[in-house]
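Before any comments, here is the structure.
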Amino acid sequence: MKVLSHRFDADLGGRDFDEVLFEHFAEEFRDKYKIDVTGNVKASMRLRAACEKAKKVLSANAEAVVNIECLMEEKDVRGMIRREEFEKLCAGLLERVVEPCKKAMEGSRIGFDRLHSVELVGSGSRVPAIARILAGFFRREPSRTLNASECVARGCALQCAMLSPTFRVREYEVQDAIPSSIGFCTSEGPISTLPSNALFQRGHPLPSVKVVTLHKNSKFKLDAFYVDENELPPGTSTKIGAFQIGPFQAHTEKSKVKVRIRLNLHGLVSVESAALIDDDQSDAHSADSMEVDSNGEMGQQVDKSRSERLIQLPIVQSIYGAMSNQELLEAQEQESQLAYQDKLMERTKERKNALESYVYDTRNKLSERYRSFATDSEREEISLSLQQTEDWLYEEGDDETEAVYNSKLEELKRLVDPIENRCKDEEVRGQATRDLLKFILDHKTAAKSLPTPEQEAVDSECTKAEQWLRERSQLQESLPKNVDPALWSHEIKKKEHELDMFYRNIVRYKGSPARADSSGGSDHMHTTDRD
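All residue numbers for the sequence shown refer to our numbering, where the first residue is 1 and numbers rise by one.
Okay, structure coming up:
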């Protein structure tokens, strides 16, 4: 996509049409209901919101009604406006709509016959009178193939993704144009070959580079400025910045200095480099002149048969209205602090929600799932703590720090975790017991293929594990559920792991049970090494 021209009216938009309706109904309600909406901030906001809705209604209907309950002084108001009346009230605004279009067509240097389509964007463009005026100017009906309310924001998001190194998007080239002519001058006058004194002329493509050759014998200053203040929004200064080049020691009375000036993709102008040309054949008596390389290629116009050397010169820039380096660092630090505060706020909110959810979830479980695993005193203590935490959350704890919410949550978990552990262990203990019994049976069967001493050692270890499990299971069955188990599931899994390691050692050192015993096995019979 190539931008040929762009114009704008910074003081004309959908809000202005809303304001026309606001002033109309404010005057009507002042006469009809004896209330002054403009003197009440809240009432003004409500009326403006109603006027915005009425404008949208008028886009598709011949009339719109504004009906607001208790707008002011407990008075309900009602008003009606027809589309024709609305267009008469907006006559001054509608006349201004076509002016930027005229200037844009003039700047593009193309005729109406070359236009393929005219696309309307922005919610304000839905006003029928605007579409009618633009259709008359462009001699064709405007099209609405894009989402008028979202396409600009979506386009900005796409452009950001295209500029960002972290996103990969489909290549789409946008060749923008310079919105306002920019010039440069020294103490002797403007640097330009154009009558307008513009170095970067409006409508030319971005980015752009100019290489200027000046005759100077000491340090000098370049001032950047907007050529025509009429191209700028009202109140905008024409001054852009100043660039101090030098100091340097000239080899002749008027040495050549080659300056490279860039207007980047974002419309920001800068002096990229400045170099003193050490030319063996330079004319010391030449007049102070300049050469502009419109193509922006350093050295393109240099006679290669001549011997010259470039000496880079220091550049100090001062942008009017820009932040100083210290201010920029402070702003970056503030941005980092704000980002940290946002993350901290999100984490704090998450911990508060986690605490609140834990209170409700635990209360439900305490009366159902955890009921048989807690003593009466434990239930009373936990219920009291849950109620106190809930009351605290909705009172003084409504706006606390992340650390405080974490501390409260840990306090509750210290009370609830023992009960939760009993419940969870009860659910998995039966399966762990069955797994160990099956493991013992499998190892006894597998040991039958081993020599007799090894087989007896494995059988002995399996019998001990089985006896241990039986004794602990009997003890566990004699205990109520609301006390800590005598047999934990993790102990059963540990016993299974020990038995497995013993069997592996027996197999690894087959024929030497004594070695297997020294490597970590339990008590078993020692035999002589059969090997």
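Ideal placement from N, C-alpha and C gives every residue a C-beta, glycine not left out.
Q) For residue 127 versus residue 142, is the C-beta distance shorter than 7 Å? A) no
Q | Pairwise C-alpha distance: residue 189 and residue 261 | A | 17 Å
(Q) So, does the stretch 363-380 touch the stretch 408-420, judging by three or more C-beta pairs under 8 Å? (A) yes
Q: Could you tell me which uninterrupted beta strand (DSSP E) segments, each at least 3 residues in length, are contained entirely in the stretch 169-193, listed from first to last along the chain?
A: 182-186 and 189-191
Q | Residues near residue 312 by beta carbon distance below 6 Å, same chain, minus five either side | A | 275
**Q.** Buried versus exposed, by CB contacts within 10 Å (16 or more), residue 167
**A.** exposed
Q. Taking the continuous beta strand (DSSP E) assigned at residue 90, which residues delimit it?
A. Segment: none, residue 90 is in no beta strand (DSSP E) and carries neither H nor E.
Q.
Applying the 10 Å Cβ sphere with the 16-neighbour rule, what's the burial state of residue 8?
A. exposed
Q: Please report the Cβ distance between residue 245 and residue 220, rounded to the nearest whole angstrom; I am assuming they are in contact, meaning their Cβ atoms lie under 8 Å.
A: 6 Å
(Q) How far does the alpha helix (DSSP H) with residue 406 in it extend, from its first residue to its last? (A) 402-447
Q: Measure how close the beta-carbons of residue 18 and residue 52 come, nearest whole angstrom, since I'm counting them as under 8 Å.
A: 5 Å
**Q.** Local Cβ density within 10 Å of residue 202, reported as buried at 16 or more and exposed below that
**A.** buried
Q: Under 8 Å by Cβ, that's how I've got residue 344 and residue 405 pegged, so tell me the actual separation to the nearest angstrom.
A: Between residue 405 and residue 344 the Cβ distance is about 12 Å, and since that is not below 8 Å, they are no contact.
**Q.** For residue 166, three-class secondary structure by DSSP
**A.** coil
Q | Cβ shell of residue 218 (< 8 Å), same chain only, five flanking positions each side left out | A | 246, 247, 248 and 250
(Q) Between the alpha carbons of residue 20 and residue 233, how many angstroms are there, rounded? (A) 23 Å
Q.
Just to confirm, is the Cβ distance from residue 216 to residue 199 under 7 Å?
A. no
(Q) DSSP three-state label for residue 226, please. (A) strand
Q | Extent of the continuous alpha helix (DSSP H) run through residue 133 | A | 128-138
Q: Kindly indicate which three-state DSSP category residue 42 falls into: helix, strand or coil?
A: helix
Q) Per DSSP, what kind of secondary structure is residue 215 in: helix, strand or coil? A) strand
Q: Please work out which residues of its chain come closer than 6 Å, Cβ to Cβ, to residue 2, disregarding the five sequence neighbours upstream and downstream, and give them in chain order.
A: 175
Q. Are the C-beta of residue 204 and some C-beta of chain C separated by less than 7 Å?
A. Checking the listed chains, one finds no chain C in this structure; it contains a single protein chain.
Q | Buried or exposed by the 16-neighbour rule on C-beta atoms within 10 Å, applied to residue 178 | A | buried
Q | Bounding residues of the beta strand (DSSP E) (the contiguous stretch that carries residue 494) | A | Counting along the chain, residue 494 falls outside any beta strand (DSSP E), though it belongs to the alpha helix (DSSP H) covering 489-508.
Q) Got a sec? Which residues, its chain only, sit under 7 Å from residue 13 by beta carbon, not counting five neighbours each side? A) 124
Q: Would you identify the three-state DSSP class for residue 110, choosing helix, strand or coil?
A: coil
(Q) Going by DSSP in three states, residue 303 sits in which element: helix, strand or coil? (A) The predicted model places residue 303 with a pLDDT of 46, which falls under 50 and marks its position as unreliable; any figure quoted below should be read in that light. Looking at residue 303 - three-state DSSP - the assignment turns out to be coil, as it is neither helix nor strand.
Q: Could you please give me the residues that DSSP links to residue 338 through a beta bridge?
A: Its beta-bridge partners do not exist; DSSP assigns none.
Q: Note down the Cα distance separating residue 255 from residue 185, rounded to an integer number of angstroms.
A: 18 Å
Q.
With H, G and I counted as helix, E and B as strand and the rest as coil, what does DSSP make of residue 80?
A. strand
Q: Would you tell me roughly how many angstroms separate the C-alpha atoms of residue 37 and residue 6, rounded to the nearest one?
A: 39 Å
Q. Which residues mark the beginning and the end of the beta strand (DSSP E) in which residue 123 is found?
A. From DSSP, residue 123 is part of no beta strand (DSSP E); its letter is neither H nor E.
Q | Contact set for residue 131: own chain, Cβ-Cβ below 6 Å, skip 5 residues either direction | A | 142
Q | Opening and closing residue of the beta strand (DSSP E) in which residue 30 lies | A | That residue, residue 30, is in no beta strand (DSSP E); its alpha helix (DSSP H) goes 14-33.
Q | Closest Cα partner of residue 533 within the set 258, 371, 465 and 228 | A | No information on residue 533 is available, as it lies outside the stretch 1 to 531 that the chain covers here.
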